[in-house]
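Visitor: What follows is a single structure, and I will ask about it in a moment.
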Amino acid sequence: MSPLEIEQMQQDIAVHGARKGDFVRLGDTALVVRVEADDRELGNEVQIGFGKNLRDGIGMRSVSSSESCDVVVTNVLIIDALLGIRVSSIGIRAGRIHAIGRAGNPDTMDNIDVVVGSGSVIIPGEGLIATAGGIDTHVHAMTPRVCDAALASGVTTIIAQEFGPFWGVGVSSKWALEQAHNMYGAWPLNVGILGRAAGSTTSPLQEALAGGVCGFKIHEDTGAHPRTIDTTLNFADEHDIAVALHTDGLNEMLSVADTIDVIAGRAVHAFHVEGCGGGHSPDVLTMAGRENILASSTNPTLAYGINAADEHVAMIISAHGMNPELPSDVQMARNRVRNATMAAENRLHDMGVIPVTSSDALGMGRVDDTWRKTFAMASMFSDRAILDGSVAASEVIVENERVLRHVAKITINPALVHGLSHEVGAIKVGLMADIVLWPYSSFASKPNMIIKNGLPAWGVVGDPGATVANAQPLVIGPQFGAFGVTAEDLGVHFTNSDSEVSLSRRRSVSVRNTRTIRSSDMIRHGILGEIDVDPSGHVVTFNGQHITSDPQNAATLTRTYLI
Amino acid sequence: MELTPSELDRVLIFNVAQLAKSRQERGLKLNKPEAVALISHAVIEAARDGNSHAQALQAGLSAISDSDLLPGVGSMLSGIAIEAVFDDGRRLVVVDFLTKDLDTPGKVTRLDQVIPIPAKDITEVTVINESKIQISVTTHMHFFEVNPRLKFNREATYGKHLFIPAGEHVDFPPGIPVDVELVPISGDRVMIGFAGLVDGPLDEPGMKERAIERARELGYLGTAK
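Here the protein sequences come in this chain order: A and B. First residue of the first sequence? That's 19 in our numbering, and the numbers climb one at a time after it. First residue of the second sequence? That's 405 in our numbering, and the numbers climb one at a time after it.
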């Protein structure tokens, strides 16, 4: 290309963002995706602003929003586990995704999928990436501010186990649950609460069900005994509700093989399957790679780093009510920390064996780090593809599949595991318009806007007294959708179909299909195989092959962006 | 102090700038928030010192250099908007940090040029602006219905728009002939609104003749019999 052509190309990219065939580097990672499709028509791209074509009668049709859209996100690079990597526009009507495709006015433009009305709200998406809102299935809500941090990081759905600085790991009191559902109405966030499945009998489970939980949590700290597991899974099968499991890390009553036997082929969500977060030591990782066990990771072990082991001993002691002065407590904590299983866990993610990432917020994970750590991990396994001039662009390895696999881990797969996918988890017609917009330059690290149920709910906001909306200091904070009763309306309460709770404003949605979901249903995952952990905890194999990864000296998406 | 929300935001900039400065003094390279804070702080203090808008902008641009930054950070420092209190009031300063850093987070690489819009059924007309001020026309405007003071063969432009990249425009300075290329409007070819000359399907029988007649009655130049 001549210098003039290069200049024109750069102008075109600045105005219209990436187009089909373009390579886009995600943040400061080594990941480079290639745009698979572009729904726009060259020359008829719609744009909003002074002298642009999104005007009445031109790009906008003079009809009401019921014949067009309430909100349109235009010309955005969608990265979605189901839809792929394409430039498109997203039309939203009454909080749901109404259409995806070419936007404009069918009176004056060909093949319009998303009708822009003369009154439609326009969110320009050029230069931005749209993903579905993140879903964090493992949140210890020990402080209300966890909801702020989740939203600020691009998470729009949380499955919580508490609503205060108390021992929850699931709550079963119907009275307490009723209060909690109303508290969570303060955030434009979808929230489900797990009931505590510490019942050898079904009474506490029945109470939690009536109290409107969306699933159950079995936790060794409150009992992960054979009877508990069996009772809970039987009960869950009767009521179509998900079960999350933190297994018996002490191997006190049962070893990992026994836990797998008690589960007996039923669906269960195995939390922090690597084991640092808890569970059979040293071999809980062997639960992954099985058809009925839906495995997830918590984020401190992801993007396996040189300091991972050191931080975990103190974290375990602090999170689990242990005493650092007690040698037996320290020993128990140490037993949970193994470099080999962390190194293998990261590899299993890249292979498509572990389908879900989550935080374990305030209970050994960071609620606002799941997007970041998931993609820093993806970047670890990336071939060096940075387009810095040292690598010829034509030799760039395209990593669409890897990127889509990692998007699935924090969007559609957790939705499937917890029975939420009829409402959230993808940029798909009919689902709630929970959409995160990210600058190309800070993808998965710092979002630009968090759209909840079709409206800006959180995002980058600036000096409120300025002449423009983007004056420093820019912070990621609440948008209008986070205020008033709107916050309550924009989020939903995930519950079960036998709940006896009725909320005055917030919509309640029952989870579905939680008992039939299997690892092979996991999008861009579903690789099954036999994982073995040597009794020493130092060697992990998958189908007999040694698997590991190198600890990273520096994780991407981190130092460049965080003070 | 009776500080306003906007003033409190200045304190936030100051805090991060001080943090950045202390890190810089320890020999560290700056990341994005640190660099933005230092640039913003420099602009605000230059304004406080009584400097002009241009001087404050310069202070922001020279607050840091490429060698102060972590790899890739320089490329993320465009369009930094800062409101500072100048002697003549609060003013907006926008700093675009110029960098030679090629390690760009979020970089878009295009191997091949975008193929230009395929030319189809092009109409050429020469337009003269007979008014005393400049008139500008954007890409997708129904050219037939543009400002009555532009003189050109209107009939030839019925149902057409400018053949230029979307979002651009053509300027028509007073008295200077400008040649433009037009292409047919696509889609269902229904013109609703604009000057009301059509206000319906372009290709409906008799519509074009009625539109020309209306334009003529209203004194649109280029419609005389």
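Built from N, CA and C at the ideal position, the CB exists for glycine as well.
In or out: residue 512/B buried (at least 16 other Cβ within 10 Å) or exposed?
Guide: buried
Visitor: For residue 183/A, count neighbouring C-beta atoms within 10 Å of its own C-beta (all shown protein chains included) and say buried if the count is 16 or more, exposed if not.
Guide: exposed
Visitor: Quick check for students: name the residue ranges of the beta strand (DSSP E) that lie wholly in the stretch 114–156 of chain A, counting only runs of 3 or more.
Guide: 114–119, 139–142 and 146–150
Visitor: Is residue 550/B helix, strand or coil by DSSP?
Guide: coil
Visitor: Kindly say whether residue 74/A, judged by its beta-carbon, lies nearer than 7 Å to any beta-carbon of chain B.
Guide: yes
Visitor: Cβ of residue 370/A within 7 Å of Cβ of residue 545/A?
Guide: yes
Visitor: Please classify residue 279/A as buried or exposed, where buried requires at least 16 other C-beta atoms within 10 Å of its C-beta.
Guide: exposed
Visitor: The stretch 568–579 of chain B: which residues have C-beta closer than 7 Å to a C-beta of chain A, in chain order?
Guide: 569, 570, 571 and 573
Visitor: Where does residue 595/B fall in DSSP's three states?
Guide: DSSP, reduced to helix, strand and coil, places residue 595/B within a strand of the structure shown.
Visitor: For residue 355/A and residue 313/A, I'd like the C-alpha separation in whole angstroms.
Guide: Residue 355/A and residue 313/A: Cα-Cα distance of roughly 18 Å.
Visitor: From the DSSP output, in three-state form, read off residue 566/A for me.
Guide: coil
Visitor: Is there a Cβ of chain D sitting closer than 7 Å to that of residue 504/B, yes or no?
Guide: Protein chains in the displayed structure are A and B, and chain D is not among them.
Visitor: List the residues that DSSP assigns as beta-bridge partners of residue 55/A.
Guide: 104/A
Visitor: Examine the ligand NAP and report whether any of its heavy atoms sits within less than 6 Å of the Cβ of residue 482/A.
Guide: Judged by which ligands are present, the structure shown has none, so any question about the ligand NAP falls away.
Visitor: Rounded to a whole number of angstroms, what is the C-alpha to C-alpha distance between residue 110/A and residue 116/A?
Guide: 5 Å
Visitor: Taking 7 Å as the CB-CB limit, is residue 429/B close to chain A?
Guide: no
Visitor: Along the chain, where does the beta strand (DSSP E) containing residue 364/A start, and where does it finish?
Guide: No beta strand (DSSP E) holds residue 364/A; the alpha helix (DSSP H) holding it covers 357–369.
Visitor: Can you tell me whether residue 17/A is buried or exposed, with buried defined as 16 or more other CB within 10 angstroms of its CB?
Guide: Examination of residue 17/A is not possible in this model, given that chain A is present from 19 through 581 alone.
Visitor: How is the beta strand (DSSP E) around residue 550/A delimited, first residue to last?
Guide: 549–551
Visitor: Take residue 561/B and list the residues in its own chain whose beta-carbon comes closer than 7 Å to its own, dropping the five residues that flank it on each side.
Guide: 527, 529, 547, 548 and 586
Visitor: In terms of residue numbering, what span does the beta strand (DSSP E) encompassing residue 533/B cover?
Guide: 527–533
Visitor: Helix, strand or coil for residue 212/A per DSSP?
Guide: strand
Visitor: Determine, using beta carbons only, whether residue 273/A and residue 245/A come nearer to each other than 7 Å.
Guide: no
Visitor: Evaluate residue 163/A with the Cβ neighbour count: other Cβ atoms within 10 Å of its Cβ, from every protein chain shown; 16 or more gives buried, anything less gives exposed.
Guide: Under a 10 Å Cβ-count criterion, residue 163/A is classified as exposed, with fewer than 16 other Cβ atoms of the shown protein chains found around its own Cβ.
Visitor: Tell me the residue span of the alpha helix (DSSP H) that contains residue 418/B.
Guide: 409–429
Visitor: How long is the line joining the alpha carbons of residue 292/A and residue 300/A, rounded to whole angstroms?
Guide: Put simply, the backbone Cα of residue 292/A is about 9 Å away from that of residue 300/A.
Visitor: Shorter than 7 Å from the beta carbon of residue 23/A to some beta carbon of chain B?
Guide: Yes - at least one Cβ of chain B is within 7 Å of the one on residue 23/A.
Visitor: With 9 Å as the limit, tell me which residues of the stretch 536–547 of chain B have their beta carbon closer than that to any beta carbon of chain A; keep them in chain order.
Guide: 540, 542, 543, 544, 545 and 546
Visitor: Contact between the stretch 534–546 of chain B and the stretch 567–576 of chain B is defined here as three or more beta-carbon pairs at a separation below 8 Å; is this criterion met?
Guide: yes
Visitor: Output yes or no for whether 7 Å exceeds the beta carbon distance between residue 99/A and residue 429/A.
Guide: yes
Visitor: For chain B, check one thing: does any of its Cβ atoms lie closer than 7 Å to the Cβ of residue 126/A?
Guide: So, interface residue.
Visitor: Just the C-alpha distance for residue 603/B and residue 614/B, rounded to the nearest angstrom, thanks.
Guide: 11 Å
Visitor: What residue range does the beta strand (DSSP E) around residue 457/A cover?
Guide: 453–457
Visitor: Taking Cβ-Cβ distances below 7 Å as the criterion, which residues of the stretch 488–502 of chain A are in contact with chain B?
Guide: 488, 489, 490 and 491
Visitor: Could you check if residue 108/A is buried or exposed, using at least 16 other CB atoms within 10 Å of its CB as the buried criterion?
Guide: Taking a 10 Å sphere around the C-beta of residue 108/A, we find 16 or more other C-beta atoms and assign the residue as buried.
Visitor: Quick check: what's the CA-CA separation for residue 233/A versus residue 535/A?
Guide: 14 Å
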